[in-house]
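Colleague: Chains as they are written, first to last, in the numbering used here: chain A, 1 to 140; chain B, 141 to 280; chain C, 281 to 420; chain D, 421 to 560.
Just so you know, even glycine gets a beta-carbon here, dropped at the ideal spot from N, CA and C.
Next up, the structure:
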């Protein structure tokens, strides 16, 4: 069986958008992940703060890493996010994933995003469907 | 009072991330918006399909345009998305916003994203808080 | 194959809480349902309006009826609701379900609750998992 | 300023549906609440397990108690729930609220429902709007 680090390494190698966000995986475990990034200018919306979609993307990537860490290919069915505090260019955001539930066919994950002052920026919850396939089956 | 087109024009001018997504505003009205984009390689995740966060971002931008169209500065409190169909590089995605509710302090908006074959790709719902300020007050 | 009416009839016969709400199924079809009820005193919260959980329950029952209408036993994974307008004792609430997506293993349904004046009271979206079993297999 | 216990006491006195559920408030604090109930027959759905709407109602009541504990009248804007484990008649369910965010105009609360074996049954998140009014202003 693959280690979580191997699975996430493989995911990241092919993940163009997480690369664009310049995500850094601080730690990864079975069902867990801590991922961070700096807010850069291209991530800002028309009000000069981080675009809600980029915040969601950070949480969604962290969710995907934790969720696939057992090498059971899992797809997000849906997700929800609360926007709590604004972030601006230069902020360091860290997403921490908690596995709330893992079952044979589904999983539920909560992600909290905090800034460099440990203030809560966003709270996210995602539901995933497990396919039972390995991530290493499909791609060379 | 500003026209919806003027408001959205101003938002887009400053919206770096919507520019990165190369969003095209097909139409805009009071409480409504239709926005489209092509899926490009930088938007893909580790499974070769569009990153869920970019889909969310498309919906979130469309939501913000519709939501601010009365020039009442509005901020997203939370949002939810269901991922229904995969999209790949080159797909043309169109987000259509419906104003489900508009009140003095809050608004609720539903966004459907469809591909070039009119297949539903994602369903989004967002809740916004209205500040009562003009978007033209804060920025030169 | 069972007709939607037969499936829902069977569900309702065993559904104690929908009976408590005195739900009336106005119409039922493949993937669709219209369900109504009157707001009664026992449904009110501490502010004299309908308890949010009872509104959710009305939508959730309507969702379950539409979702199981093909006699493919389906279970709710998650759901979201926006509370838009208050309802008081004596109001007639009608929940109308739209099948946004139906797939082999999952389905997505949107429910709108309106009052007797056709005003929107709540907007709900639910995600279901399909087991592939008949509802008539398990119970005598 | 009213104590959390006084506020919740007042809410419960008028809350017909929480009374119907026979909710027991185990503890209440500023921004927190622990509430429990037994699953009774009238709460079951057509599949012999607790109706999703009743689970939601338990979480929603606990959310309302925590959310109003500062005597700042607050209304739920929206909420989301993940259904994780089935409950049957006789189960003892306990909802524990965590205040994720409290601001001047909004608040975000997470509720976890567990059964007598401490297994997670449901995860809920709600967003509230604060009116700035006292709960003791409106009612004799």
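State yes or no: is the beta carbon of residue 72 of chain A nearer than 8 Å to at least one beta carbon in chain B?
Modeller: No, its Cβ sits nowhere closer than 8 Å to a Cβ of chain B.
Colleague: Is residue 140 of chain A close to chain B, meaning its C-beta is less than 8 Å from at least one C-beta of that chain?
Modeller: Since pLDDT at residue 140 of chain A reaches only 40, below the 50 mark, its modelled position is unreliable, and the value read off the structure follows with that caveat. Answer no: the Cβ-Cβ gap between residue 140 of chain A and chain B never drops below 8 Å.
Colleague: Is it right to say residue 79 of chain A is buried, meaning 16 or more other beta carbons lie within 10 angstroms of its own, or is it exposed?
Modeller: Buried, since its Cβ has 16 or more Cβ neighbours within 10 Å.
Colleague: State whether the stretch 153–161 of chain B contacts the stretch 43–61 of chain A, with contact taken as three or more CB pairs (one from each stretch) at a distance under 8 Å.
Modeller: As far as the Cβ criterion goes, the stretch 153–161 of chain B touches the stretch 43–61 of chain A, which means the pair count is three or higher.
Colleague: Measuring straight from C-alpha to C-alpha, what distance separates residue 293 of chain C and residue 502 of chain D?
Modeller: Taking the straight line joining both Cα atoms gives about 26 Å.
Colleague: What three-state label does DSSP hand residue 233 of chain B in the structure shown?
Modeller: Reduced to three states, the DSSP call for residue 233 of chain B is strand.
Colleague: Helix, strand or coil for residue 171 of chain B? Go by DSSP, reduced to three states.
Modeller: Reduced to three states, the DSSP call for residue 171 of chain B is coil.
Colleague: On a Cα-Cα basis, can you pick out the residue from A:121, A:86, A:61 and A:37 that is closest to residue 109 of chain A?
Modeller: With distances taken between Cα atoms, residue 109 of chain A lies closest to A:61.
Colleague: Got a sec, what are the start and stop residues for the alpha helix (DSSP H) residue 332 of chain C sits in?
Modeller: Start and end: 332–347.
Colleague: If you draw a straight line from the alpha carbon of residue 3 of chain A to that of residue 68 of chain A, how long is it in whole angstroms?
Modeller: The straight-line gap from Cα to Cα measures roughly 11 Å.
Colleague: So what does DSSP say about residue 264 of chain B, is it helix, strand or coil?
Modeller: Strand.
Colleague: Comparing the C-beta of residue 224 of chain B with each C-beta of chain C, is any distance below 8 Å?
Modeller: Output row for residue 224 of chain B: interface = yes.
Colleague: Would residue 398 of chain C pass as an interface residue toward chain B - the criterion being a Cβ-Cβ separation below 8 Å?
Modeller: No, because no Cβ of chain B sits closer than 8 Å to the Cβ of residue 398 of chain C.
Colleague: Residue 124 of chain A touches chain C at which residues, Cβ-Cβ below 8 Å?
Modeller: Per Cβ cutoff of 8 Å: no residues; residue 124 of chain A is ~13 Å from chain C at best.
Colleague: By Cβ distance below 7 Å, which residues in the same chain neighbour residue 560 of chain D in space, the five residues on each side in sequence not counted?
Modeller: Unreliable positioning characterises residue 560 of chain D in this predicted model, as indicated by a pLDDT of 40, which lies under 50. The coordinate reading is nonetheless provided below. Contacts found: none.
Colleague: Would you grab the beta carbon distance between residue 74 of chain A and residue 128 of chain A for me? Rounded to a whole angstrom, and I think it's under 8 Å.
Modeller: Confirmed, about 4 Å.
Colleague: Within 10 angstroms of its Cβ, does residue 387 of chain C collect 16 or more other Cβ (buried), or is it exposed?
Modeller: By the 10 Å Cβ count, residue 387 of chain C comes out buried.
Colleague: So, are the CB atoms of residue 373 of chain C and residue 395 of chain C less than 8 Å apart?
Modeller: Contact flag set, yes.
Colleague: Are there 16 or more other CB atoms within 10 angstroms of the CB of residue 257 of chain B, so buried, or fewer, so exposed?
Modeller: The residue in question, residue 257 of chain B, is exposed, as its Cβ has fewer than 16 Cβ neighbours within 10 Å.
Colleague: At 9 Å on the CB atoms, spell out the chain D contacts of residue 100 of chain A, in chain order.
Modeller: Near residue 100 of chain A (Cβ distances below 9 Å), the residues of chain D are 502, 504, 532, 540 and 543.
Colleague: Since residue 127 of chain A meets chain D, which of its residues come closer than 8 Å, beta carbon to beta carbon?
Modeller: Ordered by position in chain D, the residues that pass the 8 Å Cβ test against residue 127 of chain A are 502.
Colleague: Run through DSSP, which three-state label would residue 280 of chain B get?
Modeller: Reliability of the predicted coordinates at residue 280 of chain B is poor, the pLDDT of 40 falling under 50, and the value obtained from them is presented with this limitation in mind. Coil at residue 280 of chain B, not helix or strand.
Colleague: Between which two residues does the beta strand (DSSP E) harbouring residue 360 of chain C extend?
Modeller: Run containing residue 360 of chain C: 354–363, per the beta strand (DSSP E) assignment.
Colleague: Please state whether the Cβ-Cβ distance between residue 245 of chain B and residue 270 of chain B is less than 8 Å.
Modeller: Their beta carbons are under 8 Å apart, which means residue 245 of chain B touches residue 270 of chain B by this criterion.
Colleague: Does the beta carbon of residue 97 of chain A sit closer than 8 Å to a beta carbon anywhere in chain D?
Modeller: Cβ-Cβ to chain D under 8 Å: no for residue 97 of chain A.
Colleague: Who are the near neighbours of residue 301 of chain C in its chain, counting only those whose CB is closer than 8 Å to its CB and skipping five residues on each side?
Modeller: Around residue 301 of chain C: 317, 323, 334, 337, 338 and 341.
Colleague: Shorter than 8 Å from the beta carbon of residue 230 of chain B to some beta carbon of chain A?
Modeller: So, not an interface residue.
Colleague: Under three-state DSSP, which class holds residue 457 of chain D?
Modeller: Strand, per DSSP.
Colleague: Tell whether a beta-carbon distance below 8 Å holds between residue 87 of chain A and residue 49 of chain A.
Modeller: Taking 8 Å as the Cβ cut-off, residue 87 of chain A and residue 49 of chain A qualify as a contacting pair.
Colleague: Helix, strand or coil for residue 119 of chain A? Go by DSSP, reduced to three states.
Modeller: Looking at residue 119 of chain A - three-state DSSP - the assignment turns out to be coil, as it is neither helix nor strand.
Colleague: Just to confirm, are residue 452 of chain D and residue 486 of chain D a CB contact at a threshold of 8 Å?
Modeller: Contact: yes.
Colleague: Helix or strand or just coil, what does DSSP make of residue 17 of chain A?
Modeller: Residue 17 of chain A falls in the helix class under three-state DSSP.
Colleague: Output yes if chain A places a C-beta closer than 8 Å to the C-beta of residue 340 of chain C; else output no.
Modeller: Not closer than 8 Å to any Cβ of chain A, the Cβ of residue 340 of chain C fails to qualify, so no.
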